[in-house]
Amino acid sequence: MRGVSVIDPRSAPRSTFALEAPAEMTPGDLALTRQWGFASDARAILMICLYAADTIIVAASGIVSHLIRNGSRSIASPYWGHIIVGCLIFGLVMQTAGAYRFASLRRQSEHLARITGCWAAVVLLLIAVIYLSKLSDEFSRGWMLLWAVSGWLGLMGTRALTWRAMRRLQAHGQLVAHIAVVGHRVAAEHYAERLQCDGNGDVQVIGVFEATDAPNNAWRPHGRRNFDELIRLAADRWVDEVVVVSPCTDFAKLVSPLHELSTLAIDINLYLDFGATKRAGYPPSVLVSIWKRPLAGLPTVFKRCTDICVSGLLLTLALPLMGLSAVLIKLDSPGPVLFSQQRFGFSKKPFTIHKFRSMQWEAGQDPSVPQARRNDRRVTRVGRFLRRTSLDELPQLINVLRGDMSLVGPRPHAVVHDEKYATLIDGYLARHRIKPGITGWAQVNGLRGEIDTLKKMEQRLEYDLYYINNWSPLLDLVILCRTLGAVLDYRNAY
-5 MRGVSVIDPR SAPRSTFALE APAEMTPGDL ALTRQWGFAS DARAILMICL
45 YAADTIIVAA SGIVSHLIRN GSRSIASPYW GHIIVGCLIF GLVMQTAGAY
95 RFASLRRQSE HLARITGCWA AVVLLLIAVI YLSKLSDEFS RGWMLLWAVS
145 GWLGLMGTRA LTWRAMRRLQ AHGQLVAHIA VVGHRVAAEH YAERLQCDGN
195 GDVQVIGVFE ATDAPNNAWR PHGRRNFDEL IRLAADRWVD EVVVVSPCTD
245 FAKLVSPLHE LSTLAIDINL YLDFGATKRA GYPPSVLVSI WKRPLAGLPT
295 VFKRCTDICV SGLLLTLALP LMGLSAVLIK LDSPGPVLFS QQRFGFSKKP
345 FTIHKFRSMQ WEAGQDPSVP QARRNDRRVT RVGRFLRRTS LDELPQLINV
395 LRGDMSLVGP RPHAVVHDEK YATLIDGYLA RHRIKPGITG WAQVNGLRGE
445 IDTLKKMEQR LEYDLYYINN WSPLLDLVIL CRTLGAVLDY RNAY
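The numbering of the sequence shown is the numbering used here, which starts it at -5 and goes up by one.
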């Protein structure tokens, strides 16, 4: 294959990097699937599960120790209080000590020592509390000793099972950061080989994309197909990080590829080789972080859990209203109840969005997808009410549950509109670096409804990018609360 070398993470040796893959292998032939998505998200899920397992182990060991020592199935309130406090303090101490970081988990001996220290500190603290509060007569010393020993053994056993599970997951492509290297063949392959050898199994170089000068002075891989393949792999969440490798003297040629990569929801790093400058005082090379993926790791998991819980609750509560809306739509005009349309979602990956049909059925077949205007004759009587109250958006809760959308994020536009504005507004596609939302920062700031000028779209993009770069749970909560006020404002809803 020309321009890109791909390896299979299952068959690649740990100590070498096979730059030449079989001729029949292509990026599309990679058999592994990544059900957990990005490596950072998978690692966050693993650490959350480990935290939950530790809490269960600490609580269960305290309860079992009480049953063994006292022989009674009923546990007195003071014991319950200390078990609960012990779980809370242990989680806090472990978090403070950095024991719930993936990097710490990879250093097994150091991690076991850290756990032992944290658990010993918690036990000593509980003993001190019992002594200082003069409650030593109410607690069994044997129970405390049994709890200390059984809790430690349980934590050690949990780590053994965790490391075994990690080996199995890594064998199936999970937890491994997949990195694509882009650059001139010699420099890029050298860096890829070193990266693979130093990765300790946590890194997998899935491809080396050769770059060369194009006639128009833009930097491109040999054959446009190779770069498109990288974009497709990134959209499918196969790539966690792209490293652009180049000598320092070719820095001016980086603008074009970095501009295209900036719209992807992945980490983008720049590896500059200063060896060609031959100047004293220059480092031999430097790795610079250009863009970081928004909402990576724990924030992604938190936002997804929030989407599932809230959308599931709202969908349950809204089912009667949705049923009534469906009946009214069917009685008001011929055609299906739902309007379904292709939109671009996360990393510009197409998905089908669902809304209650608010226009005449024939109007939805126009390939140009003209936006609704004030007093638009295509809008039905029931549809006008649904659009003003935003009830036509309720079926999108199903999109949220499926993972196509989020409750809060940039509103998805029709595909033809995305393609149009991508050519008119620089950086427009960067709004696809996170999942689209039912509501967004732009909508609660008055940018709702028809976009009839380029300036309005630029303003909407500005608000969308602000949200992407400044996301927080509090900002999501503010947007959701302000959405009610935006719904009641009918001025731009028609």
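All C-beta atoms, glycine included, are put in the ideal place defined by N, C-alpha and C. All values derive from a computational prediction rather than experimental measurement.
Exercise for the section: Could you check what DSSP says for TRP146 in three-state terms: helix, strand or coil? Expected result: Here residue 146 corresponds to residue number 152 of the sequence shown, with the count starting at 1. DSSP places TRP146 in helix when its eight states are reduced to three.
Practice task
Count the other C-beta atoms from every protein chain shown that fall within 10 angstroms of the C-beta of PRO404, then say buried if there are 16 or more, exposed otherwise.
Solution key: To locate residue 404, count along the sequence shown from 1; it is residue 410. Burial call: buried.
Problem - Extent of the continuous beta strand (DSSP E) run through ILE347 - result: Locating residue 347 in the sequence shown gives position 353, where the first residue counts as 1. ILE347 -> beta strand (DSSP E) spans 344 to 350.
Practice task
Using three-state DSSP, classify VAL376 as helix, strand or coil.
Solution key: Position 382 of the sequence shown holds residue 376. In the structure shown, VAL376 falls within a helical segment according to DSSP collapsed to helix, strand and coil.
Exercise for the section: Tell me whether ASP192 is buried or exposed, calling it buried when 16 or more other Cβ atoms sit within 10 Å of its Cβ. Expected result: What you label residue 192 is simply residue 198 of the sequence shown in a count that begins at 1. Residue burial is scored here from C-beta neighbours: ASP192 has fewer than 16 other C-beta atoms within 10 angstroms and is therefore classed as exposed.
Problem - Simplified DSSP assignment, three categories, for ASN464 - result: By 1-based counting over the sequence shown, the position of residue 464 is 470. ASN464: coil per DSSP, three-state reduction.
Practice task
Measure from the C-beta of ASP261 to each C-beta in chain C and report whether the shortest distance is under 9 Å.
Solution key: In the structure shown, chain C cannot be found, because there is only a single protein chain.
Practice task
Starting from GLU104, follow the alpha helix (DSSP H) in both directions and report where the run begins and ends.
Solution key: Residue mapping note: residue 104 aligns to position 110 of the sequence shown, counting from 1. Unbroken alpha helix (DSSP H) run through GLU104: 102 to 126.
Handout entry: Per-residue burial, VAL116 [other beta carbons within 10 Å of its own, 16 or more giving buried]
Key = Sequence index remark: in the sequence shown, residue 116 carries index 122 (1-based). Under this definition VAL116 is a buried residue.
Handout entry: For VAL202, three-class secondary structure by DSSP
Key = For the purposes of this step, residue 202 is identified with residue 208 of the sequence shown, where counting begins at 1. The three-state reading of DSSP puts VAL202 in strand, counting E and B together.
Problem - LYS447 (DSSP reduced to helix, strand or coil) - result: Position 453 of the sequence shown, counted from the start, is the residue given in the question as residue 447. It is worth fixing the name first, because residue 447 is Thr in this sequence and not Lys. Here THR447 sits in coil by DSSP.
Handout entry: Bridge partners - PHE133, DSSP secondary structure assignment
Key = Here residue 133 is taken as the residue at index 139 of the sequence shown, counted from 1. In the DSSP output, where bridge partners are listed per residue, PHE133 has none listed.
Problem - According to DSSP, residues forming a beta bridge with ASP501 - result: With the chain represented from -5 up to 488, any question about residue 501 goes unanswered, as that position is not in the structure.
Handout entry: Nearest-angstrom beta carbon gap, ALA436 and THR257 [assumed within contact, 8 Å]
Key = The residue you call residue 257 lines up with position 263 of the sequence shown. The residue you call residue 436 lines up with position 442 of the sequence shown. About 18 Å; that fails the 8 Å criterion.
Practice task
Can you check DSSP and say which residues form a bridge with ILE173?
Solution key: Counted from its first residue, the sequence shown places residue 173 at position 179. DSSP lists VAL199 and GLU235 as partners of ILE173.
Problem - Beta-carbon contacts of GLN335 that lie in its chain and below 6 Å, excluding the five residues immediately before and after - result: Sequence index remark: in the sequence shown, residue 335 carries index 341 (1-based). If you ignore the 5 residues before and after GLN335, its C-beta comes within less than 6 Å of the C-beta of ILE347, all in its own chain and listed in chain order.
Practice task
Compare the Cα-Cα distances from LEU395 to each of ILE302, ASP267, LEU318 and THR156 and report the closest residue.
Solution key: Numbered from its first residue, the sequence shown carries residue 395 at position 401. Minimum Cα distance to LEU395 is reached at ILE302.
Practice task
Give every residue of the same chain whose Cβ lies closer than 6 Å to the Cβ of ASN64, excluding the five residues on either side of it in the sequence, and list them in chain order.
Solution key: If you number the sequence shown from 1, residue 64 lands on position 70. Cβ neighbours of ASN64 beyond the five flanking positions: none.
Handout entry: Presumed contact (8 Å Cβ cut-off) between SER59 and SER144, rounded CB distance
Key = Indexing the sequence shown from 1 puts residue 59 at position 65. Indexing the sequence shown from 1 puts residue 144 at position 150. Correct: roughly 6 Å between the Cβ atoms.
Problem - VAL87 - containing alpha helix (DSSP H), residue span - result: Walking along the sequence shown from the start, residue 87 turns up at place 93. Run containing VAL87: 71 to 90, per the alpha helix (DSSP H) assignment.
Handout entry: For VAL376 and GLY326, believed in contact at Cβ under 8 Å, the rounded distance
Key = Numbered from 1 along the sequence shown, position 332 holds the residue referred to as residue 326. Numbered from 1 along the sequence shown, position 382 holds the residue referred to as residue 376. Checking the displayed sequence, the identity of residue 326 turns out to be Asp instead of Gly. Rounded to whole angstroms, the Cβ separation of ASP326 and VAL376 is 4 Å, and the two are in contact under 8 Å.
Problem - Exposure label - ALA93; buried when at least 16 CB within 10 Å - result: Walking along the sequence shown from the start, residue 93 turns up at place 99. ALA93 counts as buried, since no fewer than 16 other beta carbons sit within 10 angstroms of its beta carbon.
Handout entry: Close Cβ partners of LEU255 (< 7 Å) along its chain, the five nearest in sequence each way excluded
Key = Start at 1 with the first residue of the sequence shown, and residue 255 comes out as number 261. Cβ within range, chain order: VAL236 and ILE262.
Practice task
Verify whether the separation of the beta carbon atoms of LEU169 and ALA259 is less than 9 Å.
Solution key: Counted from its first residue, the sequence shown places residue 169 at position 175. Counted from its first residue, the sequence shown places residue 259 at position 265. Not a contact, by the Cβ cut-off of 9 Å.
Practice task
Select from THR300, LEU448 and TYR125 the residue whose C-alpha is nearest the C-alpha of LEU468.
Solution key: Working through the sequence shown from its first residue, we reach residue 468 at position 474. Of the residues THR300, LEU448 and TYR125, the one whose Cα lies closest to the Cα of LEU468 is THR300.
Problem - Three-way DSSP call (helix, strand, coil) for GLY431 in this model - result: Walking along the sequence shown from the start, residue 431 turns up at place 437. In the structure shown, GLY431 sits in a strand (DSSP, three-state: E or B).
Practice task
Tell me, please, whether the stretch 403 to 422 touches the stretch 305 to 324 by the rule of three or more beta-carbon pairs shorter than 8 Å.
Solution key: Contact between the stretch 403 to 422 and the stretch 305 to 324 is absent, with fewer than three C-beta pairs closer than 8 Å.
Exercise for the section: Within 10 angstroms of the Cβ of CYS475, are there 16 or more other Cβ atoms? Answer buried if so, exposed if not. Expected result: Taking the first residue of the sequence shown as 1, we reach residue 475 at position 481. By the neighbour-count rule (16 or more Cβ atoms within 10 Å), CYS475 is not buried but exposed.
Practice task
Would you mind giving the Cβ-Cβ distance between ALA186 and VAL199, rounded to the nearest angstrom? I have them listed as a contact below 8 Å.
Solution key: As a working note, residue 186 is residue 192 in the sequence shown. As a working note, residue 199 is residue 205 in the sequence shown. Contact holds; Cβ gap of about 5 Å.
Practice task
In angstroms with no decimal places, state the Cα-to-Cα distance between ALA107 and ARG100.
Solution key: Numbered from 1 along the sequence shown, position 113 holds the residue referred to as residue 107. Numbered from 1 along the sequence shown, position 106 holds the residue referred to as residue 100. Taking the straight line joining both Cα atoms gives about 13 Å.
Exercise for the section: Please state whether DSSP places GLN390 in a helix, a strand or coil. Expected result: The residue labelled residue 390 in the question sits at position 396 within the sequence shown. In the structure shown, GLN390 sits in a helix (DSSP, three-state: H, G or I).
Exercise for the section: Could you please give the first and the last residue of the uninterrupted alpha helix (DSSP H) stretch that includes PHE296? Expected result: Counting from 1 along the sequence shown, the entry for residue 296 is found at position 302. Per DSSP, PHE296 belongs to the alpha helix (DSSP H) from 292 to 326.
Handout entry: Cα-Cα separation between ARG554 and HIS253, rounded to whole angstroms
Key = The chain is shown from -5 up to 488; residue 554 falls before or after that span and cannot be answered.
Problem - 8 Å contact criterion, which THR152 and ALA47 should meet: CB distance rounded - result: Locating residue 152 in the sequence shown gives position 158, where the first residue counts as 1. Locating residue 47 in the sequence shown gives position 53, where the first residue counts as 1. Right, their Cβ atoms sit about 5 Å apart.
Handout entry: C-alpha distance - SER305 paired with SER400, whole-angstrom precision
Key = Locating residue 305 in the sequence shown gives position 311, counting from the first residue. Locating residue 400 in the sequence shown gives position 406, counting from the first residue. As the crow flies, the alpha-carbon of SER305 is around 9 Å from that of SER400.
Handout entry: Rounded separation between MET160 and PHE32 - CA only
Key = For this step, residue 160 is matched to residue 166 along the sequence shown. For this step, residue 32 is matched to residue 38 along the sequence shown. Roughly 15 Å between the two C-alpha positions.
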